[in-house]
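Trainee: The structure follows.
There are 2 protein chains.
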Amino acid sequence: MEDYGRFLALLVSALLVGFVSVIFSLVWVFHYREGLSWDGGPREFNWHPVLVITGFVFIQGIAIIVYRLPWTWKCSKLLMKFIHAGLNTIAMILAIVSMVAVFEYHNARNIPNMYSLHSWIGLTAVIFYSFQLFLGFAVFLLPFAPVPLRAALMPIHVYSGLTVFATVIATALMGITEKLIFSLKNPAYSASPPEATFVNCLGLLLVIFGALILWMASRSHWKRPPEENAKVLQPIGGTPEVTEAESTMTDGSNADKSDLRISSEAARKQTLKLDEAGQRSTM
Amino acid sequence: MEDYGRFLALLVSALLVGFVSVIFSLVWVFHYREGLSWDGGPREFNWHPVLVITGFVFIQGIAIIVYRLPWTWKCSKLLMKFIHAGLNTIAMILAIVSMVAVFEYHNARNIPNMYSLHSWIGLTAVIFYSFQLFLGFAVFLLPFAPVPLRAALMPIHVYSGLTVFATVIATALMGITEKLIFSLKNPAYSASPPEATFVNCLGLLLVIFGALILWMASRSHWKRPPEENAKVLQPIGGTPEVTEAESTMTDGSNADKSDLRISSEAARKQTLKLDEAGQRSTM
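As they're listed, the protein sequences go chains Y and G.
Residue numbers are given in the numbering used here: position 118 of the first sequence equals residue 119, and the series is strictly consecutive.
Residue numbers are given in the numbering used here: position 123 of the second sequence equals residue 124, and the series is strictly consecutive.
Take a look at the structure:
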């Protein structure tokens, strides 16, 4: 891998910042707030920031860059796709549970649901994320989708994955803003009590984490290299023209090389066109 | 241009969504709030959302994709760099004036400055944006910087430009959240009065605008094609080895082709390496 040292430094920084963010969310709810429980009260609400930051930010961030880790390049692409999809599934479950915590808290206190911009964009992000996961699973992980469909959807998969990730961080920043305004009364948020400064720092950490992940995900020379020992994955009911059609529930990095190996000459020519599409998919 | 129709549809959508966002900000301050003036009161504060959305979001968004407009490809790269830098300068001035409006409003009312996460990240974004503009001007627009420096900085210029743009939108969403919570009292934000719903929709428009701009900016096949009739721009005090070193205050699209034409063979070989760097700069 080119620039291995720099990649490693960025990876360690991202993991550290992400991990410290999770710790900050725990310190916030245990030291400054009421702690955690599942009782319809403020302690149930507190699951919301903890689960969002742990799952929807930290784990999603790792899922995005998991193909770039050079020591996973000896693993099969299929295994890496399962890991990518698995991490995203865990993140989605945590995001959904975090929303349930808020709805139950709101309902127990007769606070309206879904009135704020935070809730509008947050719910939209969860819906898009679930749809992205479902589509990624159906198109890139299962062996049914034809190669042209995979090639056409890959750039969209990459772009929407990174956009949803950035949107989730923006939504978390809105949530922090809301929570600090609502919960800090005496002294108020504007008086900058220790909790306000601490949680503002958490917000900064989330931005830095997002910036690191997006940098690593958008350097094309840190892509996973194409696979050599490809095995046949034949679409069910289709002709065996695709000798390697390992799907790419990936960051789009290798749609151009390892995923689109066609055996017939006509199909090979088509692949050249698809290769271009794959190249373009790299953000 | 490949996919010209799709590009045009996206461009029209982005311009429309951006323009409607500016109109929404004006309707917000004139219909739901006190209007605009420069008197230290709420009407001075109202310049803040209007100028941020007009300059820091809409104009910055256009500045990002200005190289991609196919009808500008007959214009010289240098002219396009001036337009790119000019639009960003206007955006920066409007962002700074928008901050002055808030500081003056806060000071007149004895409201503390710089306590919120919105203000922390917003000020950081303005500082990064100013630094990015200064560095872009010095390295890519002025003819002094050596070609290897330009090639090394281009990927960072592109990445930080897009990241600051996304961060500005996230900051605007936090600002909307703050303002609605603080200003809607009877009925409160949670009661979803018409102003709350209207301004939430403005927030959604900003996210859609950002998503459209980032999609257009990250499609490498919509890059400005390399220039053929390059003219000599010799670094002052340097040897005339660079036959075309038009700097690239750009989206990074052409660092690989039109910017790095070296006349000597040794320099040409170096360019091949730089070409790779340029290719990588494309997000």
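Yeah, the Cβ is synthetic: ideal placement off N, Cα and C, and Gly gets one too.
Taking C-beta pairs closer than 7 Å, name the residues in chain Y that ASN201 of chain G reaches, listed in chain order.
Mentor: Numbered from its first residue, the second sequence carries residue 201 of chain G at position 200. Residues of chain Y passing the Cβ test: LEU118 and TRP121.
Trainee: Between which two residues does the alpha helix (DSSP H) containing HIS158 of chain G stretch?
Mentor: Along the second sequence, read from residue 1 onward, the residue named residue 158 of chain G stands at position 157. Unbroken alpha helix (DSSP H) run through HIS158 of chain G: 148 to 184.
Trainee: Suppose the cutoff is 6 Å on Cβ atoms and the five residues either side in sequence are ignored; what does the same chain contact list for GLY238 of chain G look like?
Mentor: For the purposes of this step, residue 238 of chain G is identified with residue 237 of the second sequence, where counting begins at 1. With a pLDDT of 41 at GLY238 of chain G, under the threshold of 50, the modelled position of that residue is not reliable, and the figure given next carries that caveat. Contacts found: none.
Trainee: Does SER219 of chain Y have its Cβ less than 8 Å from a Cβ in chain G?
Mentor: Locating residue 219 of chain Y in the first sequence gives position 218, where the first residue counts as 1. Cβ-Cβ to chain G under 8 Å: yes for SER219 of chain Y.
Trainee: Does any C-beta atom of chain G lie closer than 8 Å to the C-beta of GLY42 of chain Y?
Mentor: The residue given as residue 42 of chain Y occupies position 41 in the first sequence. Not an interface residue.
Trainee: Between ARG151 of chain Y and TYR116 of chain G, what straight-line distance do the alpha-carbon atoms span, to the nearest angstrom?
Mentor: Numbered from its first residue, the first sequence carries residue 151 of chain Y at position 150. Numbered from its first residue, the second sequence carries residue 116 of chain G at position 115. Using only the alpha carbons, I get a separation of about 48 Å.
Trainee: Do you know how far the Cα of VAL165 of chain Y is from the Cα of VAL101 of chain Y?
Mentor: On the first sequence, residue 101 of chain Y is found 100 positions in, with the first residue counted as 1. On the first sequence, residue 165 of chain Y is found 164 positions in, with the first residue counted as 1. Spanning the two alpha carbons is a distance of roughly 20 Å.
Trainee: Using the beta-carbon of each residue, which ones in chain Y are nearer than 8 Å to ILE112 of chain G?
Mentor: In the second sequence, residue 112 of chain G corresponds to position 111, counting from 1. The contacting residues are SER191.
Trainee: Any Cβ of chain G within less than 8 Å of the Cβ of LEU12 of chain Y?
Mentor: In the first sequence, the residue the question calls residue 12 of chain Y occupies position 11. No, LEU12 of chain Y lies away from the interface with chain G (no Cβ there is under 8 Å from its Cβ).
Trainee: Do VAL23 of chain Y and PHE59 of chain Y have their CB atoms nearer than 8 Å?
Mentor: Within the first sequence, the letter at position 22 stands for residue 23 of chain Y. Within the first sequence, the letter at position 58 stands for residue 59 of chain Y. Yes; because the gap between Cβ atoms is below 8 Å, this pair is in contact.
Trainee: How do the segment 43 to 60 of chain G and the segment 92 to 110 of chain G stand: do at least 3 beta-carbon pairs fall below 8 Å, yes or no?
Mentor: These segments touch.
Trainee: Could you tell me if LYS75 of chain Y is buried or exposed, where buried requires 16 or more neighbouring beta carbons within 10 angstroms of its beta carbon?
Mentor: In the first sequence, residue 75 of chain Y corresponds to position 74, counting from 1. By the neighbour-count rule (16 or more Cβ atoms within 10 Å), LYS75 of chain Y is not buried but exposed.
Trainee: Using beta-carbon positions only, say whether ILE170 of chain Y and ALA171 of chain G come within less than 8 Å of one another.
Mentor: Here residue 170 of chain Y refers to the residue found at position 169 of the first sequence. Here residue 171 of chain G refers to the residue found at position 170 of the second sequence. It is a contact, given that the beta carbons lie within the stated cut-off.
Trainee: Could you check if PRO226 of chain Y is buried or exposed, using at least 16 other CB atoms within 10 Å of its CB as the buried criterion?
Mentor: Counted from its first residue, the first sequence places residue 226 of chain Y at position 225. So PRO226 of chain Y ends up on the exposed side.
Trainee: By how many angstroms is the C-alpha of ASN108 of chain G removed from the C-alpha of TYR190 of chain G?
Mentor: Here residue 190 of chain G corresponds to residue number 189 of the second sequence, with the count starting at 1. Here residue 108 of chain G corresponds to residue number 107 of the second sequence, with the count starting at 1. About 26 Å.
Trainee: Who are the neighbours of GLU196 of chain Y on chain G, taking C-beta pairs under 8 Å?
Mentor: Within the first sequence, the letter at position 195 stands for residue 196 of chain Y. Under the 8 Å cutoff, chain G gives no residues; its nearest Cβ is about 12 Å from GLU196 of chain Y.
Trainee: Quick check on this structure: which residue in G:PRO188, G:LEU181 and G:ASN187 has the alpha carbon closest to the alpha carbon of LEU203 of chain G?
Mentor: In the second sequence, counting from the first residue as 1, residue 203 of chain G sits at position 202. Looking at the Cα atoms, G:LEU181 is the closest of the given residues.
Trainee: At a CB-CB cut-off below 8 Å, which residues of chain Y make contact with TRP74 of chain G?
Mentor: Sequence index remark: in the second sequence, residue 74 of chain G carries index 73 (1-based). Under the 8 Å cutoff, chain Y gives no residues; its nearest Cβ is about 19 Å from TRP74 of chain G.
Trainee: Evaluate ILE65 of chain Y with the Cβ neighbour count: other Cβ atoms within 10 Å of its Cβ, from every protein chain shown; 16 or more gives buried, anything less gives exposed.
Mentor: Sequence index remark: in the first sequence, residue 65 of chain Y carries index 64 (1-based). Counting Cβ neighbours within 10 Å, ILE65 of chain Y comes out buried, since at least 16 surround it.
Trainee: Residues of chain G with a CB under 8 Å from the CB of GLY19 of chain Y: which are they?
Mentor: In the first sequence, counting from the first residue as 1, residue 19 of chain Y sits at position 18. Chain G residues near GLY19 of chain Y: none, gap ~17 Å exceeds 8 Å.
Trainee: Which residues in the same chain as ILE214 of chain Y place their Cβ atom closer than 8 Å to its Cβ, once the five residues preceding and following it in sequence are excluded?
Mentor: What you label residue 214 of chain Y is simply residue 213 of the first sequence in a count that begins at 1. If we look at ILE214 of chain Y and ignore the five residues flanking it on each side, its Cβ neighbours are ALA15, GLY62, ILE65, ILE66 and PHE166.
Trainee: How far does the alpha helix (DSSP H) with LYS75 of chain Y in it extend, from its first residue to its last?
Mentor: For the purposes of this step, residue 75 of chain Y is taken as residue 74 along the first sequence, with counting starting at 1. No alpha helix (DSSP H) contains LYS75 of chain Y, which DSSP labels as neither H nor E.
Trainee: Counting only beta-carbon atoms, is VAL208 of chain G nearer than 8 Å to chain Y?
Mentor: Residue 208 of chain G sits at position 207 when you count from the first residue of the second sequence. Closer than 8 Å: yes.
Trainee: Can you give the beta carbon distance from LEU118 of chain Y to ILE177 of chain G, rounded, assuming they're within the 8 Å contact cut?
Mentor: For the purposes of this step, residue 118 of chain Y is taken as the residue at position 117 of the first sequence. For the purposes of this step, residue 177 of chain G is taken as the residue at position 176 of the second sequence. Rounded, the Cβ-Cβ distance is 6 Å, consistent with contact.
Trainee: So that I know if they touch, is there some Cβ in chain G lying closer than 8 Å to that of TYR130 of chain Y?
Mentor: Numbered from its first residue, the first sequence carries residue 130 of chain Y at position 129. Taking Cβ atoms only, chain G never reaches closer than 8 Å to TYR130 of chain Y, which makes this a no.
Trainee: List, in chain order, every chain G residue whose beta-carbon is nearer than 9 Å to that of LEU205 of chain Y.
Mentor: Locating residue 205 of chain Y in the first sequence gives position 204, counting from the first residue. Those within 9 Å of LEU205 of chain Y in chain G are LEU118, TRP121, ILE122 and THR125.
Trainee: Using the Cβ count rule (16 or more neighbours within 10 Å means buried), how would you classify ASN89 of chain G?
Mentor: If you number the second sequence from 1, residue 89 of chain G lands on position 88. When all chains shown are included, ASN89 of chain G counts as buried.
Trainee: Quick one: complete alpha helix (DSSP H) runs, 4+ long, within the segment 89 to 155 of chain G?
Mentor: For the segment 89 to 155 of chain G, whole alpha helix (DSSP H) runs of length 4 or above, ordered along the chain, are 118 to 137.
Trainee: Name the chain Y residues whose beta carbon is nearer than 8 Å to that of GLU179 of chain G?
Mentor: Residue 179 of chain G sits at position 178 when you count from the first residue of the second sequence. Result: THR178 and ILE182.
Trainee: Would you mind stating whether PHE138 of chain Y and ALA86 of chain Y have Cβ atoms separated by less than 8 Å?
Mentor: If you number the first sequence from 1, residue 138 of chain Y lands on position 137. If you number the first sequence from 1, residue 86 of chain Y lands on position 85. Yes.
Trainee: Would VAL127 of chain G be called buried (16 or more neighbouring beta carbons within 10 Å of its own) or exposed?
Mentor: For the purposes of this step, residue 127 of chain G is taken as residue 126 along the second sequence, with counting starting at 1. Per the 10 Å Cβ criterion, buried.
Trainee: I want to see whether chain G comes within less than 8 Å of LEU215 of chain Y, judged by CB atoms only; does it?
Mentor: Reading the first sequence from its first residue, position 214 is the one you call residue 215 of chain Y. Answer yes: the Cβ-Cβ gap between LEU215 of chain Y and chain G drops below 8 Å somewhere.
Trainee: Under 8 Å, do LEU206 of chain G and VAL18 of chain G count as touching if we go by C-beta distance?
Mentor: For the purposes of this step, residue 206 of chain G is taken as the residue at position 205 of the second sequence. For the purposes of this step, residue 18 of chain G is taken as the residue at position 17 of the second sequence. Yes, the pair counts as a contact, with Cβ atoms nearer than the cut-off.
Trainee: Just the C-alpha distance for ALA192 of chain G and TYR130 of chain Y, rounded to the nearest angstrom, thanks.
Mentor: Taking the first residue of the second sequence as position 1, residue 192 of chain G is located at position 191. Taking the first residue of the first sequence as position 1, residue 130 of chain Y is located at position 129. About 28 Å.
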